[in-house]
Amino acid sequence: MSRIEGFAPAKINLTLHVTGQRADGYHLLDSLVTFAPVGDRLSVAPADELSLGVTGPEAAGVPEDGSNLVLRAARLLAEKQDIRRGARITLEKCLPAASGIGGGSSDAAAALRLLARLWGLDPLPPPQSFAPLGADVPMCLAPVPQRVGGIGEELRPVTLPPLPALLVNPRIEVATPAVFRALASKTNPPMPDSLPAFAGAGECIDWLAAQRNDLQAPAIALAPVIAELLARLGALPGCRLARMSGSGATCFALFETPVAAEAAAERFRATYPGWWIASGTLGDQTQKAQPASRA
Ligand SMILES: C[C@@](CO)(OP(=O)(O)O)[C@H](O)COP(=O)(O)OP(=O)(O)OC[C@H]1O[C@@H](n2ccc(N)nc2=O)[C@H](O)[C@@H]1O
Ligand SMILES: Nc1ncnc2c1ncn2[C@@H]1O[C@H](COP(=O)(O)OP(=O)(O)O)[C@@H](O)[C@H]1O
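Throughout the sequence shown, residue numbering follows the UniProt record's numbering, covering 1 to 295 in sequence.
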């Protein structure tokens with residue numbers, strides 16, 4: 001086997017209810033998560049040692065050493081499965097780092113899918129066993145719409161209609177621990193027990209609009225530009241909901257059609273050339289994330 005390529009889609013928290021806090025400080029979440037068709041690209045090739053090279057338009061500032069989540073994931077997998085081989089890993093960063101769309105966690109998950117193929121490990125250990133890499137890693141292992149509980153380890157797949165979206169990062173970094181610390185109430189209501197069966201994007205967006213991202217207000221307190229961005233997204237023609245993902249600062253706008261989402265992206269690109277802007281339909285990215293062998 002020469003080289004295997006894979007894709008690490010952006011994770012989007014459509015909702016993020018913070019429902020409590022554990023004794024160790026971690027927060028309990030009730031979050032509806034989905035994935036975007038935009039993301040990072042990885043490849044793995046056989047080698048005696050583990051190594052990582054980082055390239056791509058968003059590579060600046062992303063660690064290339066052992067602190068990169070890709071290498072941490074590879075080491076943890078090798079240790080768990082008693083693997084004595086290495087891998088030459090490349091990571092092409094297209095997602096902005098530290099921006100609430102789980103780039104590092106999705107990279108780690110993609111590396112695990114690729115290394116499982118390279119090292120002949122099928123199946124992978126359960127998602128929860130990769131929680132030591134970060135609360136977001138288990139939910140990224142299968143890039144499907146899911147309702148996430150606990151601190152990120154309770155995963156329940158859900159059915160959502162495809163959701164056309166615009167994603168925008170205004171090029172400011174907000175640190176996840178600081179946002180959680182700035183959250184005034186740690187005990188907030190969860191989402192309703194069960195999700196309705198949505199007839200289409202419009203119905204789903206109406207329901208989402210009645211839910212929350214509890215980290216949005218504390219993130220805005222730390223970085224007021226997020227409120228401005230949300231107001232501008234909300235004013236776009238056809239925008240049905242504008243909300244922040246994760247601990248920010250990336251925000252998403254939802255539309256009923258891909259044409260409306262793409263038109264909004266073009267308008268934003270012309271107005272904010274320095275910002276990170278992407279559009280696409282949110283949903284199951286399993287097929288796109290499937291590892292593929294290359295000669
Ligand atoms: C907020 C979320 C929502 O999906 O996404 P991002 O904004 O990172 O994308 C995640 O819970 C982030 O997951 P991740 O970034 O992997 O978190 P970790 O590395 O485990 O933790 C970083 C820090 O966030 C806080 N943290 C994280 C998760 C959680 N359930 N409670 C917390 O309090 C803790 O302060 C922790 O020290
Ligand atoms: N593969 C990676 N890609 C991006 N950041 C990484 C990676 N590995 C480690 N990091 C570190 O993890 C931090 C969080 O990055 P990321 O997962 O993109 O953010 P978020 O948790 O907000 O979605 C960054 O500040 C970066 O230093």
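Even glycine gets a Cβ: it sits at the ideal position worked out from N, Cα and C. Values in this document were obtained by computation on a predicted structure and should not be read as measured data.
Leaving aside the five residues before and after residue i along the sequence, list all residues of the same chain whose C-beta is less than 7 Å from its C-beta, in chain order.
i      : result
Leu155 : Pro127, Pro138, Met139, Gln146 and Val148
Ala261 : Pro164, Ala165, Leu166, Phe255 and Ser279
Ala221 : Ala182
Leu71  : Leu50 and Leu52
Leu114 : Ile4, Gly6, Leu42, Val44 and Pro291
Spatial neighbours of residue i within its chain, please: CB distance less than 8 Å, with the 5 preceding and 5 following residues excluded, ordered by chain position.
i      : result
Arg75  : Leu50 and Gly66
Asp48  : Arg85 and Gly86
Ala178 : Leu222
Val33  : Lys11, Ile12, Asn13, Leu14, Met139, Pro145, Gln146, Arg147 and Val148
Gln21  : His27, Leu28, Lys186 and Thr187
Trp274 : Looking at the sequence provided, one finds Gly at residue 274 rather than Trp. Contacts found: Arg171.
Is residue i helix, strand or coil when you go by DSSP?
i           : result
Lys93       : coil
Gly234      : helix
Thr257      : coil
Gly66       : coil
Asp206      : helix
residue 297 : Residue 297 lies beyond the residue range present for the chain, which begins at 1 and ends at 295; the question has no answer from this structure.
Gly101      : The residue you asked about is not Gly; residue 101 is Ile in the sequence shown. Ile101 falls in the coil class under three-state DSSP.
Ala252      : The question names Ala, yet the displayed sequence has Phe at residue 252. Correct three-state label for Phe252: strand.
Ser247      : coil
Arg72       : helix
Thr55       : strand
Ala263      : helix
Leu50       : strand
Arg181      : helix
Ser293      : strand
Tell me which residue opens and which closes the beta strand (DSSP E) that residue i is part of.
i      : result
Leu167 : Leu163 to Asn169
Pro9   : Arg3 to Gln21
Thr34  : His27 to Ala47
Thr286 : Careful: Thr286 lies outside any beta strand (DSSP E), inside the alpha helix (DSSP H) at Thr286 to Ala289.
Leu241 : Leu241 to Met244
Gly200 : Segment: none, Gly200 is in no beta strand (DSSP E) and carries neither H nor E.
Ser279 : Trp276 to Leu282
Which same chain residues end up closer than 6 Å to residue i when comparing Cβ atoms and leaving out the 5 residues on each side of it in sequence?
i      : result
Ala98  : Glu173
Gly202 : Glu256
Ala131 : Pro138 and Glu153
Ala45  : Arg3 and Arg88
Thr159 : none
Asn213 : Leu16, Arg243 and Met244
Ala264 : Leu166 and Leu236
Gly246 : Asn13 and Gly100
Ala135 : Ile151 and Gly152
Which residue comes first and which comes last in the alpha helix (DSSP H) that contains residue i?
i           : result
residue 298 : The requested residue 298 does not occur in the structure, where the chain is confined to residues 1 to 295.
Any C-beta of chain C sitting closer than 8 Å to the C-beta of residue i?
i      : result
Arg294 : Of the protein chains in this structure there is only one, and it is not chain C.
Ligand 4 and residue i: does the residue's C-beta get closer than 7 Å to at least one heavy atom of that ligand?
i      : result
Pro138 : The ligand content of the structure shown is limited to ligand 1 and ligand 2, which means ligand 4 is not among them.
Run the CB neighbour count on residue i, radius 10 Å, all protein chains shown included, and call it buried at 16 or more, exposed below.
i           : result
Val18       : buried
Ala197      : exposed
residue 321 : This structure gives no information on residue 321, because the portion of the chain shown stretches from 1 to 295.
Lys80       : exposed
Gln287      : exposed
Ala36       : buried
Thr271      : exposed
Ala109      : buried
Val259      : exposed
Ser293      : exposed
Glu266      : exposed
Arg232      : buried
Ser194      : exposed
Thr55       : exposed
Gly25       : exposed
Asp40       : buried
Every unbroken beta strand (DSSP E) within the region 108-176, with a cutoff of 3 residues, ordered by chain: You should have 146-149, 154-157 and 163-169.
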